[in-house]
Each structure stands twice: as C-alpha cells, then as structure tokens.
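Notes for the one structure printed next.
Numbering (my numbering), first residue to last: 338 to 499.
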C-alpha cells in the first residue's frame, strides 16, 4: 500500500500543536506510531515493516517509533470482573450528544452491546463508541471534553445486572 505523504504530513502538522504522548495510525496493512518521550525497553514491540513503494522526503516530524504494546489497565482503576471499554483512537472525549444535553450514560445505567457510550472526536470527525458488552456502567474514567489517547480506559462495565 502506498503511503499518502500529503495525508501523513497533514497529520504531523496537526500533532505539532497537540498534547499527546502517543499517536497511532493504521490504514490497510500500514501502521505508524508517533511517540513523544521515547519508548521504554519493556514496552517496545517488534518493528512493523511497511513495503516501500515510493520514496520522498517528509517534513520534520516527531520521531516515529515501533508499535507499542498496550499497557494493562491498573486494578485500582477498574472494579474486579468489569469489562473495560477503551478509546479507539486519540481524540476529544464527549459524554453528551450535544452541549447542554444529558450524557449518553451515567454510572448505574444498564447497557446493551450496541449502546452508544460516548463520542471521540478526531479531526472534526465524530466517532461513536459502543459498549460492546451487556452490563451495568460501574465507572467512567474520562471527563467530558478531555483529550484521550488510543487504548485509554473510558468506561468499566460489570456484566449482568450488578
């Protein structure tokens, strides 16, 4: 798959002003991870090889690191036996469909697998996040409007009627 250099350069430009420690981009079989602050030896995974189909100079950008293995959620952050719903990408977490409206869910709400829990906005695109499991919301780990990173815990859901 060709790397779209214009698209990559646009993402790098957007990331220059953003506060983040890690950004992951996947398109087809291509994976790019951009990290700030380096990767510790325990977190590094095998480098991902991308077939080279053309070459060109990229503008100065943050260092590109190999893919990083997701870190497990701490036991203190998640009640025992609860399923954790994580951020599918880096972006802004919105608990409400629109400002001033009620949140999608709150602690104690019963949810089904297809229940929308929140929106993660990235580059003006609103991405709905579904529960993925049936159960009861036992914790919300992000604040409305907060920047969340890929893999960051957003909700804990206890299976059943907890």
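Think of the CB as a built atom: it goes at the ideal place given N, C-alpha and C, for glycine as much as any other residue.
With C-beta atoms as the reference, is residue 466 less than 7 Å away from residue 457? As a first step, residue 466 must be located in the chain shown, where it is residue number 129. As a first step, residue 457 must be located in the chain shown, where it is residue number 120. In this structure, residue 457 lies closer than 7 Å to residue 466 by Cβ.
In three-state terms, what does DSSP make of residue 495? Numbered from its first residue, the chain shown carries residue 495 at position 158. Shown here, residue 495 sits in a strand according to DSSP, grouped into three states.
Quick one, are the C-beta atoms of residue 469 and residue 450 less than 7 Å apart? Along the chain shown, read from residue 1 onward, the residue named residue 469 stands at position 132. Along the chain shown, read from residue 1 onward, the residue named residue 450 stands at position 113. Contact: yes.
Along the chain, where does the alpha helix (DSSP H) containing residue 344 start, and where does it finish? Residue mapping note: residue 344 aligns to position 7 of the chain shown, counting from 1. Counting along the chain, the alpha helix (DSSP H) containing residue 344 begins and ends at 342–353.
Would you give the residue range spanned by the beta strand (DSSP E) that residue 466 belongs to? Indexing the chain shown from 1 puts residue 466 at position 129. For residue 466, the enclosing beta strand (DSSP E) stretches over residues 462–467.
In three-state DSSP terms, what is residue 482? For the purposes of this step, residue 482 is taken as the residue at position 145 of the chain shown. DSSP places residue 482 in coil when its eight states are reduced to three.
Hey, could you find the ends of the beta strand (DSSP E) residue 361 is sitting in? Residue 361 sits at position 24 when you count from the first residue of the chain shown. Element bounds for residue 361: 359–364.
Spatial distance of residue 380 from residue 427 (CA atoms): For this step, residue 380 is matched to residue 43 along the chain shown. For this step, residue 427 is matched to residue 90 along the chain shown. Residue confidence is low: residue 380 scores 46 on pLDDT, short of 50, so the model does not pin down where it sits. No coordinate-derived value is stated.
So which of 497, 486, 477, 445 has the shortest CA-CA distance to residue 370? Mapped onto the chain shown, residue 370 falls at position 33. Restricting attention to 497, 486, 477, 445, the CA atom closest to the CA of residue 370 is found in 486.
Endpoints, beta strand (DSSP E) assigned at residue 472: Locating residue 472 in the chain shown gives position 135, counting from the first residue. Start and end: 472–477.
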